[in-house]
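Report on one structure; see the data block that follows.
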Amino acid sequence: MRGHIQQRGTASWRVKAYVGRDAGGVRRYVERTVRGTRREAERELSRLLVEVDEGRHAAAAPVTFGDLLDRWLDVKRRMVEPKTIESYEWVARTYIRPGLADRKVASLRPIDLDMLYSDLYGRGLSARTVRICHTVIRQALEQARRWGFIARNPAVDATPPVQRRREIVPPTVEQVQTLLDAARAEDADFAAYLWVLAATGCRRGEACALRWTDIDLERAEVVIRRSISQVGQEVREKDTKTHQSRRLALDAETVTVLRSLRLRARERALALGGRLADDALLFSDAEGRPWRPDVCTNRFGRLRAGVGLERVRLHDLRHFVATVLGGAGLPIATISGRLGHSENATTLNL
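Under our numbering, the residue at position 257 of the sequence shown is numbered 257, and the numbers go up by one with no gaps.
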């Protein structure tokens, strides 16, 4: 309960409002005595609660925003992927801590956050980046509210800049063919990687994690089970984004591409005096380590620049698949399942 009124005498009332917990976890309140009617006491309680929401009683909860960020990140580490934590820490270190780290959590007001967003936006940050900052701040302050450090989350009433939705223009069949032709001229294996993305709609990290045990060329099927993720320079295998596997049918041309890819891999293994392991990765370096998703993106960037298609991103091959399947009249639920979306609405937004 945020506040209450206690009668002390015939026309005397004690008004008490909850401020939050101090750094030691002790609950703190602010009190006032009102002489008059109960209605006057109720009005005074309303004013007191407004003051608490505005942070005018911050001394009762002296936790700094920098301390809060550290505690919140410790909690989030148990809940989200390391890559997500890395991005949160980078955003906090680069854009949030310089302006808010020393501020008392209970003193923050919506206008303080709006001023920070205006400053970041004015320095040239995109609306998307500023909104990511807002998300981090809002979640951290919401955790502070749940912990009792503050009675109200000021970020709820803050206004980050509007992010204009980027128009998604999937590459055409001709553009994808141009990219594949250019890749074949450079590296047949990288061309096969791009073909897998354009034929299945899988994510770049999912393609990097594919093993031959995931492929059934006789039945023309592939099972997407895992993904390759990067945190700094560390590369690791993890579940798919939705933590679910999915079985996809392969067309005849894709089967042919994969047969050629496997043949090249077997020939390389024989040249080294060995044999290709049944569970070998489809796309790996000479030491058998999976291709890094960021390296694939960088290679694609150079490839697209070489053919004058700078606006086509590697991720746009997923949009290409969604467009082709949609044009063929497949139901949204079917397309969503192939792309590995947890909700059909995500597919509709492509």
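Every residue gets a Cβ at the ideal spot worked out from N, C-alpha and C, and that includes glycine.
This structure is a prediction, so every number in the text was calculated from the model and none was measured.
- With a contact defined as Cβ atoms closer than 8 Å, Leu-281 and Arg-211 qualify at about 6 Å.
- With contact defined as three or more Cβ pairs closer than 8 Å, the stretch 256–263 and the stretch 227–236 are not in contact.
- Within its own chain, the residues whose Cβ lies closer than 6 Å to the Cβ of Trp-291, once the five positions on either side in sequence are excluded, are Cys-208 and Phe-283, listed in chain order.
- Under the Cβ criterion (8 Å, minimum of three pairs), the stretch 1–16 counts as touching the stretch 32–46.
- Burial state of Asn-153 is buried, judged by a 10 Å Cβ sphere holding 16 or more other Cβ atoms.
- Spanning the alpha carbons of Pro-170 and Leu-68 requires a straight line of approximately 42 Å.
- Residue range 173–186 is occupied by the alpha helix (DSSP H) that includes Glu-174, with no beta strand (DSSP E) assigned at that position.
- According to the DSSP assignment, Val-30 belongs to no alpha helix (DSSP H) but to the beta strand (DSSP E) extending over 27–35.
- Ser-46 sits exposed, since fewer than 16 C-beta atoms from the chains shown fall within 10 Å of its C-beta.
- If you compare the alpha carbons of Gly-288, Lys-241, Leu-261 and Asp-53 with that of Leu-272, the shortest gap goes to Gly-288.
- Within its own chain, no residue has a Cβ closer than 6 Å to the Cβ of Asp-112 once the five positions on either side in sequence are excluded.
- The beta carbons of Ile-137 and Ile-96 sit about 6 Å from each other, so the pair counts as a contact at 8 Å.
- Around the beta carbon of Pro-293, 16 or more other beta carbons sit within 10 angstroms, so the residue counts as buried.
- Here the alpha carbon of Val-19 sits roughly 47 Å from the alpha carbon of Arg-226.
- Under the three-state reduction of DSSP output, Ile-96 falls in the helix class.
- Apart from the 5 residues on each side of it in sequence, Asp-214 sits with its Cβ closer than 7 Å to the Cβ of Val-222, Val-223 and Arg-225 in its chain, given in chain order.
- Under DSSP, the beta-bridge partners assigned to Leu-248 are Val-222.
- If you draw a straight line from the Cα of Val-50 to the Cα of Asp-102, it is about 24 Å long.
- Contact annotation, Leu-141 with Ala-155: C-beta distance approximately 5 Å; criterion of less than 8 Å satisfied.
- Here the C-alpha atom of Cys-296 lies approximately 23 Å from the C-alpha atom of His-243.
- If the five residues before and after Arg-145 are omitted, its C-beta is found closer than 8 Å to the C-beta atoms of Ala-151, Arg-152 and Asn-153, all from its own chain and listed in chain order.
- In the structure shown, Asp-216 falls within a strand segment according to DSSP collapsed to helix, strand and coil.
- Distances from the CA of Val-162 to each of Trp-147, Thr-178, Arg-131 and Gly-205 were compared; the closest alpha carbon is that of Arg-131.
- When rounded, the separation of the alpha-carbon atoms in Asp-114 and Thr-159 is 6 Å.
- The bridge partners DSSP lists for Gly-3 are Ala-17.
- Val-63 sits close to Lys-104, with the two beta carbons spaced by under 9 Å.
- When His-134, Arg-311, Glu-218 and Arg-78 are compared, the shortest CA-CA separation from Leu-179 is found for Arg-311.
- Here Val-321 is near Gly-201, since their CB atoms are less than 9 Å apart.
- Using a Cβ distance threshold of 9 Å, Leu-100 and Glu-89 do not count as a contacting pair.
- Within a 10 Å sphere around the beta-carbon of Val-34 sit 16 or more other beta-carbons, which makes this residue buried.
- Residue state for Arg-8 is assigned as strand, using DSSP reduced to three classes.
- The shortest C-alpha to C-alpha distance from Asn-298 to any of Arg-313, Asp-285 and Gly-308 is the one to Arg-313.
- Ranking Val-324, Ala-265, Thr-84 and Ala-286 by CA distance to the CA of Thr-135 puts Thr-84 first.
- Following the DSSP letters along the chain, one finds Asp-294 inside the alpha helix (DSSP H) bounded by residues 293–306.
- Note that the C-beta distance between Arg-204 and Thr-240 is not below 9 Å.
- About 6 Å separates the CB atoms of Gly-306 and Ala-182; that is less than 8 Å, so the two are in contact.
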